[in-house]
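Here's the structure we're looking at; comments come further down.
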Amino acid sequence: MWSYIIRRLIYYIPVYLGVILMVMAILRIQDPVAIHLGKNATPEKIAVTKKAFGLDKPFITQYATFLKKLVTFDFTEQSWDFPGVTVGSMIRRSIVPSLSITVPALILTTILSICVGMISAYYRGRTVDKTLVFFAVLGMCISVLVYIILGQYFGAYLIYKETGHELFAIQGYEPGLQYWAHYCLLPVMISVIVAMGYDTRFYRAVMVEETGRDYIKTARAKGVTKRKVMFVHMLKNAMIPIVTQVMITLPFLITGSIVLEMYFGIPGMGRALIMAVNAKDFPVIQAFTAVFAALFIITIILTDVLYALVDPRIRLS
């Protein structure tokens, strides 16, 4: 197992180096300092800023320096938009708000979608299946912005207007478990509703394929209960696509839901990246992109490892 992980890491190192090279090259197509300072910046100020951040050095030197910082987890470079604030502090400050939304949403979405998908597949073609598929498709067709507007109006504004008590916050964030429901529960509910449409149809397709397998027919012939067929036999043998779907989502636990964070004013990773792009904050964009790329590669390796753990028929070679 460990030898496989090491081999995969060695394999993906050139891939990661290539991604960082491409990102750095794209960010330097136009002069990032001149773009950030604006049209009124003097050549002297641009030159001073470049020298301060090492952007006056050859590209290969900048590339080597940035790789060294990544390897040593050195994120002490300061933000251009917030002088005195390091990129590392921005990552640490924004990762918890993102996880406060994405982790509960992922857990609830996975559990509910699998259960609904199994029920829909088991009663395929019947009224239960058609009803569940209808609501799944309906959920996919409606934009997340519509859910946000409806949630903020009915779940926050209308309740406050009628009762005088603010059940959910429309904007803002406060750290601490005692404030989680007030600030994060509504975004989590919206995220679950939005994601369940696609996930339910995906898991239904997976389960429909499993219902035609010989082991399901054998279990039914032996008189095994419906609940045991679905939650023991069917679920256990459908773990590969389930693991794939969950692992694909994992990198977005850190990046967060950009739309939800922007509309609810939650200071997560996604919102921080969008603000950095709008402010042309070069160090933040470069560091965040490198972190996101690393997360995707780690996720790919973990997915391969989990395949072997959930399905003994798969051997890592």
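Going by our numbering, the final residue of the sequence shown carries number 332, and the count climbs one at a time with no gaps.
All C-beta atoms in this analysis are idealised placements derived from N, C-alpha and C, irrespective of residue type, glycine included.
Candidates the options: closest to residue i by CA position
i	options	result
Leu121	Met262, Tyr278, Pro112	Met262
Leu114	Ser135, Leu200, Leu70	Leu200
Lys65	Cys130, Ala49, Ile28	Ala49
Asp96	Phe217, Gly53, Met39, Thr146	Gly53
Leu160	Pro202, Ile255, Gly227	Pro202
Val258	Phe217, Ile289, Gln301, Leu288	Phe217
Ile255	Val244, Leu82, Lys232, Val221	Val221
Arg228	Phe246, Asn252, Val247, Val209	Asn252
Leu138	Thr226, Leu127, Ala184	Note that residue 138 is Tyr in the sequence shown here, rather than Leu. That would be Thr226, whose Cα lies nearest to the Cα of Tyr138.
Phe68	Arg235, Thr87, Thr101, Leu321	Thr101
Thr264	Thr117, Ala62, Val86, Thr57	Thr117
Val244	Lys60, Thr80, Ala136	Ala136
Pro47	Val306, Ile316, Ala309, Val299	Val299
Ala294	Pro98, Lys60, Ile44, Asp89	Pro98
Gln167	Ile35, Gly154, Tyr278, Asn55	Tyr278
Tyr213	Tyr230, Lys237, Ser158, Leu182	Ser158
Distance between residue j and residue i (C-alpha atoms, nearest Å)
i	j	result
Ser94	Tyr194	29 Å
Gly179	Asp319	52 Å
Asp144	Val131	9 Å
Asp296	Leu192	32 Å
Arg23	Ile313	10 Å
Ala291	Leu165	29 Å
Tyr188	Arg242	41 Å
Ile129	Thr215	7 Å
Ile106	Met211	29 Å
Ala151	Val207	12 Å
Tyr26	Val325	24 Å
Tyr78	Gln260	34 Å
Ala62	Asp71	8 Å
Ile126	Ile28	34 Å
Val306	Thr142	46 Å
Thr76	Ile281	37 Å
Val30	Ala309	10 Å
Phe74	Ile134	57 Å
Glu224	Leu147	18 Å
Leu173	His197	15 Å
Cys156	Ile316	33 Å
Phe169	Leu275	16 Å
Leu42	Thr233	59 Å
Val209	Tyr162	8 Å
Phe311	Ala40	20 Å
Lys84	Thr91	9 Å
Phe149	Arg235	28 Å
Tyr175	Leu82	51 Å
Pro119	Met204	9 Å
Ile110	Gly103	11 Å
Arg108	Pro190	10 Å
Leu153	Glu181	29 Å
Tyr56	Val86	In the sequence under discussion, the amino acid at residue 56 is Ala, which differs from the Tyr named in the question. Approximately 34 Å between the Cα atoms of the pair.
Lys60	Arg219	60 Å
Environment of residue i [buried if 16+ CB atoms lie within 10 Å]
i	result
Gln186	exposed
Gly33	exposed
Met249	buried
Thr124	buried
Ser272	buried
Phe303	buried
Glu177	exposed
Ser18	exposed
Leu288	buried
Met37	exposed
Pro58	exposed
Gly285	buried
Gly140	exposed
Gln45	exposed
Phe183	buried
Beta-bridge partners of residue i, as assigned by DSSP
i	result
Gln45	Note: Gln45 sits in no beta bridge, so no partner.
Thr101	Gln93
Runs of alpha helix (DSSP H) lying entirely within the stretch 202-288, each at least 4 residues, in chain order: 229-236, 254-264, 266-270, 273-279
Kindly provide the ranges of any alpha helix (DSSP H) runs that are 4 or more residues long and lie completely inside the stretch 115-192, ordered along the chain. 142-156, 159-167, 173-178
Hey, which unbroken runs of the beta strand (DSSP E) at 3 residues or more fall wholly within the stretch 55-93? none
At which residue ranges does the stretch 288-331 contain complete alpha helix (DSSP H) runs of 4 or more residues, listed in the order of the chain? 297-325
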